[in-house]
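Position one of the sequence shown corresponds to residue 0 (numbering that gives the first Met the number 0), numbered consecutively onward.
For reference, the structure is listed below as structure tokens.
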Amino acid sequence: MKVVNRHHHRGQWPAHTFYVGRPDRIAREEIARGALDATLFGNPFTVKEHGDKALVLYKRHLWNAAKDSRGILLALTCLPPDAILVCSCAPRPCHGEVIVALWTWLFRKRRRFAALDRRCRWPEKS
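Written out as structure tokens, the structure is:
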């Protein structure tokens, strides 16, 4: 799993590409035409408003959401190992890295999430 900047990409997005940024106009257009999958993982904490604490706040937000929301937990466990997370902030410090860290932690505990895993059907890579 890796995090990439959507502004540095040219051409078509490969399979298993998930947009994790806030839905601005361009992202909404790419999601609408099927170029990117929509996400539950956008960071509600902006650097402009929260400064360096934005990532810390997001980490707490995501971990709490994963504990409290089966939808977030399912979305995390359904991310395939070769997922490409797309955001506008990478390679600067990015909430995508927080998503990868939580996903990695969950899959170390994978036996506990086997029931959720069975709901996921990842398409074969084309």
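C-beta atoms are modelled at their ideal positions from N, C-alpha and C, and glycine is treated no differently.
- [ ] For the beta strand (DSSP E) containing L84, list its first residue and its last residue.
- [x] Where L84 is concerned, the enclosing beta strand (DSSP E) stretches over 83-86.
Task: Whole-angstrom distance between K1 and K124, CA atom to CA atom - done: Residue placement at K124 is poorly supported in this model, since its pLDDT is 42, which falls under 50; the coordinates are not used for a value here.
Task: Minimum C-alpha distance to G20 - residue among H7, W102, W104, H94 - done: For the options H7, W102, W104, H94, the alpha carbon positioned closest to that of G20 is the one of H94.
Task: Residue burial classification, E96 (beta-carbon count within 10 angstroms, cutoff 16) - done: With 16 or more other Cβ atoms within 10 Å, it is buried.
Task: Through-space distance from T16 to A82, alpha-carbon basis - done: C-alpha separation (whole angstroms): 6 Å.
Task: Distance, L54 Cα to H60 Cα - done: About 10 Å.
Task: Reference T45; option with closest CA among S87, I98, A14, K108 - done: Among S87, I98, A14, K108, the Cα nearest to that of T45 is on S87.
Task: Same chain only: Cβ atoms within 7 Å of P122, ignoring 5 sequence neighbours per side - done: Legend: pLDDT at P122 = 44, less than 50; position of this residue unreliable, no value from coordinates given.
- [ ] Tell me the start and end of each unbroken beta strand (DSSP E) in the segment 42-90 that is at least 3 residues and wholly inside, in chain order.
- [x] The DSSP assignment places 83-86 as complete runs of the beta strand (DSSP E) inside the segment 42-90, in order along the chain (cut-off: 3 residues).
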